[in-house]
Structures are given as structure tokens and as C-alpha cells.
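First the structure, in the form of C-alpha cells, and then the observations on it.
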Amino acid sequence: MYNALENSMDTISEDRQCYSGWKFRILAFGLCSIVCSWIAMVAKSTGEETDARETPFQTCSEPDSDRKLTDFTRIQMEAIVKRFKLKDPTDIELLPAYLEKWAEWEEAILETNISILDLSPIPFLSDYRSPCWISRLSSHPPEYVWSRGRENDIVMRYWQESHDDGVRFRLRCLPYFYIVGVVKSGTTDLFHRICSHPDVAEVLRKEYHWWSYLRPPDGELVREKHGGDSGLPVPMSVYVNAFDVPAEDIRNSSALHLIIGDGSPSTATHITTESSSPMGPELINADFIYHVTPQARIIYIVRDPVERLYSAYLFFHQYEYKSPELFHKRVKARVDAFTKCTSTYGSIRPCVYHRFGQQDGVEDNIARMSVTDGMYSVLIEDWVKVFSHEAILVLRMEDMPPTMEDTMKRVLIHLGIRRFDKVSLRGSMTEDIDKMRRVRHRKVPDMWNSTRKMLQDFYRPFNKHLSDLTHNSKYNWGY
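full-length UniProt numbering numbers the first residue of the sequence shown as 1 and each following residue consecutively.
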């Protein structure tokens with residue numbers, strides 16, 4: 001169940017392209033800390049101490065940390081406006097009330113036993129393109145569950161340096177765009193291309209799988225190797241922590257227009273169980289994202305579902321024995337299980353979201369070996385019902401290598417960021433699609449013709465539905 005997440009954690013090195021500047025930033029933080037400490041010592045020795053009432057950026061003492069935000073003086077509010085470069089008149093006028101609301105929100109997202117839908121949406125800063133707000137810097141180190149190595153060091157170093165420098169408030173942001181699917185369809189390549197754009201903030205990793213696997217109240221994370229409790233949901237505050245350093249980049253940018261993205265390809269296909277019903281989930285991840293950030297931009301990449309399934313079979317659990325015969329056996333078991341499900345429920349939708357596996361008596365230890373992930377039309381239609389057609393850009397993986405420049409133009413227009421020609425050149429998709437398999441599986445022959453025909457017959461009605469939704473016959477994939 002957690003293989004997509006575990007695979008993301010085990011392949012951190014694949015997501016390095018979006019944060020090449022972190023090493024320099026860590027050194028800069030250290031230097032700034034030394035300089036600031038020296039200045040503080042000089043000020044103290046000369047008796048030139050700053051009045052704590054006139055700036056909100058002195059180091060928090062424990063008694064003051066309980067102080068109401070609305071109790072700040074006009075000078076302190078002006079300091080906040082200056083630090084976060086606020087220009088919108090409404091935001092400035094309502095800042096005291098906003099700070100109270102944001103503080104309540106920060107308290108609420110610490111919980112693991114409530115749904116996001118139980119939280120009242122918050123206002124975001126109008127001067128920022130990404131959905132951002134201002135929060136008090138916690139006196140406790142932030143939690144980061146995706147890595148105990150370099151990424152965690154970056155998050156902790158940012159907090160420590162900010163705390164030592166007396167920074168009392170920080171900018172907090174959520175993603176502006178999501179690449180929600182689908183696995184083995186070129187999501188990594190596209191995400192890295194988008195990240196190479198100067199208007200996109202560097203992030204620590206491409207995939208967090210928070211909305212799909214970890215979100216409270218029913219999400220779960222196997223955390224043994226990360227030093228945490230296993231089987232528990234991850235509070236939203238931890239997800240937001242992952243974007244604190246990119247948020248600081250946004251605050252330091254000249255026009256505050258940098259955007260943040262999340263490229264977790266499980267977001268469209270995997271959901272937690274709190275909204276399950278006999279007719280399929282009453283709520284999908286789109287509902288939760290929309291509740292918090294209704295202006296989010298969604299990108300959905302699809303691929304010939306037959307080829308995608310075989311690619312996933314070869315990619316995950318790469319050291320297991322694999323063969324066309326074993327693939328055929330497992331495909332037939334999955335197709336039979338889906339047919340049985342639709343007969344039981346009398347509907348397709350609950351079976352698309354049902355995770356076929358051991359509960360159906362189907363032997364399958366290959367992660368993401370799910371025929372339902374390729375039923376794009378059902379999944380995309382549900383997202384459109386929440387976000388609208390205009391908010392969702394559907395792309396075909398097969399169109400990306402030969403027409404990458406045109407594809408990137410569409411992506412940039414969809415995201416509302418300026419054209420940048422070099423972005424189309426900074427990806428990793430340089431080989432033909434049929435060669436994009438792991439080296440250790442190049443000796444595995446192609447699937448049997450009988451398997452291909454079985455899958456084409458299985459996916460044909462869903463492809464036809466997708467063609468109707470997009471008004472584009474390309475999504476039939478020629479069969």
C-alpha cells in the first residue's frame with residue numbers, strides 16, 4: 001500500500017534538480033548567524049539595546065510567546081508589513097485579524113484526528129502568487145518525516161538560524177500547482193522542467209504523497225526507518241513545514257511571484273478511507289485540496305494505459321523475478337477481479353477506486369500493479385467536477401518528447417507564468433518512450449501479444465470516454 005511513498009523516499013537522488021542552491025544557502029545561513037551574534041554582543045556591550053516593543057523580530061521569550069497577535073503596536077505591525085513586503089491595502093488593514101486567524105489555523109493543523117474539511121479556509125496574502133500566510137516561528141524544531149538526511153538538515157538549519165537571529169514570524173505557503181498523476185507517465189521529467197523556470201521556487205523533493213497516503217484522519221505512514229511512530233497520519237503542519245525554505249525564497253524574491261509545486265503522482269489514484277461508500281468515495285483528494293486552495297492549478301499526465309501498466313510492473317520492486325508470463329497471469333487476475341467487482345456493485349466507479357489486491361484473493365506483490373490507474377476518464381472526470389475544466393491541464397506523455405516546446409508553452413500558460421524558452425530544454429526525457437525502462441530490466445521481453453490485446457480490449461471504453469471529455473481522438477491511442 002505504501003510502495004509509491006517508499007519508492008519516493010528511496011529515490012531522493014532523482015529529485016535533486018529543483019534545489020541546486022541549498023548548499024550555498026546553508027553556508028550563508030551560518031555566516032549570517034555569526035555576524036548577527038557579533039552585532040548583538042557589540043550592542044549589548046555599548047548599552048544600545050533595542051526596545052522589544054518596537055519590533056516583532058526579537059527572539060521570543062516564553063512568556064511573550066503566549067501574547068495575542070492583536071496586542072502588537074502599530075510600529076510592530078508596520079515592521080511585519082515591511083518584512084513581508086505587503087502592499088495590498090485590504091491585507092494591511094485586516095492584518096491584525098488575519099494574524100489571529102492564521103494563528104488559529106496553525107493550531108488546528110497540528111491535529112491528526114480531524115479532517116481538513118472541518119477547518120475553516122483561511123485568507124491568503126494577495127501580494128503573493130502562491131497561497132501564503134504569516135505565522136509565528138515556533139520555539140520548537142519543526143517535524144519533517146520524509147528524510148532524516150540532507151532534506152531534514154536543510155529544514156532544521158533554516159529553523160535554527162531563523163530562531164537564533166530573532167526572527168519571530170515566517171512566511172508559510174502551500175503548493176500553487178499539483179502534478180497529480182499518473183505513475184510512470186513522465187511526471188518527474190515534467191516537474192523538473194517546470195522547476196527550471198525562474199518563476200518557480202526550489203523545493204526539497206518532487207513527491208510528498210501527503211494528500212494521498214498521509215493526510216489525517218485516516219492516512220498512515222510507515223516511519224520506522226525515519227525514527228517516528230508507524231501507522232499514524234501526518235498532520236498538515238508537517239506537510240507545510242516542507243515548504244518553509246521555498247517560502248523564504250519567495251519572501252526574498254523581488255516580485256513575490258514565485259510558485260511552489262507538488263509532483264506526487266499518487267494524488268489522483270490513491271485516497272484514504274474516511275469517505276468510502278458502496279458507490280465509491282464520496283470525497284476524493286481534489287475535494288480536500290480545493291477546500292484549502294480553490295485556485296490551485298492541476299496537471300494530469302496520461303500515457304497509453306497498456307504501456308503504462310507494463311512499465312509500472314517492470315519499475316517497482318525491481319529485484320523480483322519478472323517475465324511476460326507472470327505479467328499475463330497477474331493482468332488476467334486483475335481484469336477478472338475488476339469484472340467481478342462491477343458485477344457485484346453494478347457500477348464502475350466504486351471498482352475504479354477499490355484497490356484490488358490480497359483482499360480479492362489476487363496474488364500480487366508488485367507495487368502499483370493496478371489496472372484501475374489507467375482508467376483515466378473516471379478519475380479525471382471526478383477532478384473536473386471539483387475544480388472545473390479550466391483548472392486542469394491534461395497532457396499525453398507520448399506528445400512530450402517530439403513537441404516538448406509546445407507542451408511547455410501550454411504548461412506555462414496554464415500556470416500563468418511568463419514564457420521562458422530554456423525551460424523546454426532542461427528535462428530528462430531524451431530517449432524514446434519504449435526505451436524508458438530500468439537498465440536491469442532491459443532483458444525482459446515485451447508483453448505477450450495476447451496480453452496486449454486483453455488490455456487494449458479492457459481499456460478501450462475508458463479511452464473512448466477520455467477522448468470525449470478532452471475532445472481529442474489522440475486519447476484512443478489507436479485501438
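Glycine residues also receive a C-beta, built at the ideal position from the N, C-alpha and C atoms.
Cβ-Cβ separation between LEU469 and GLU381: approximately 6 Å, consistent with a contact (criterion under 8 Å). TYR213 counts as buried, since no fewer than 16 other beta carbons sit within 10 angstroms of its beta carbon. For the pair TRP477 and HIS317, the Cα-to-Cα distance works out to about 28 Å. With a cutoff of 8 Å on beta-carbon distance, PRO324 and PRO461 are scored as not near each other. Going by beta carbons, ALA268 and TRP383 fall inside the 8 Å limit. Cβ-Cβ separation between GLU405 and PRO235: approximately 41 Å, too far for a contact (criterion under 8 Å). Per DSSP, SER135 is one residue of the beta strand (DSSP E) stretching across 132–136. For LEU393, the three-state secondary structure derived from DSSP is strand. Counted as a single uninterrupted DSSP element, the alpha helix (DSSP H) harbouring ILE194 occupies residues 187–195. When beta bridges are read from the DSSP output, TYR178 appears opposite ASP262, ILE298. Contact between ASP373 and VAL182 holds: their C-beta atoms lie close to 6 Å from each other, under 8 Å.
Taking the Cβ atoms as the reference, SER311 lies roughly 4 Å from LYS184, within the contact range of under 8 Å.
Using a Cβ distance threshold of 8 Å, LEU174 and ILE134 do not count as a contacting pair.
The C-beta distance from PHE191 to ILE179 rounds to 6 Å, short enough to fall under 8 Å. In the structure shown, the three-state DSSP call for VAL384 is helix.
Assignment of beta-bridge partners to VAL234 by DSSP yields no partner.
Bounds of the alpha helix (DSSP H) holding LEU469 are 449–470. Sixteen is the threshold: since fewer than 16 other Cβ atoms of the shown chains lie within 10 Å of the Cβ of HIS471, the residue is exposed. ILE80 and HIS270 have their C-alpha atoms some 40 Å from each other. Annotation: ILE260 to THR188 spans about 15 Å, alpha carbon to alpha carbon. Assigned with DSSP and collapsed to three states, VAL335 falls in helix. LEU415 and PHE177 have their alpha carbons spaced roughly 7 Å apart. Per the Cβ contact rule, the segment 396–403 is not in contact with the segment 320–338 (fewer than 3 Cβ pairs under 8 Å). According to the DSSP secondary-structure assignment, PHE169 is paired through a beta bridge with ARG136. Within the same chain, GLY374, TYR459 come within 6 Å of PRO305 by CB-CB distance, once the 5 residues on both sides are set aside. Taking the Cα positions, VAL335 is about 29 Å away from TRP210. For the set ILE92, ARG148, ASP91, SER120, the Cα lying nearest the Cα of GLU104 is the one of SER120.
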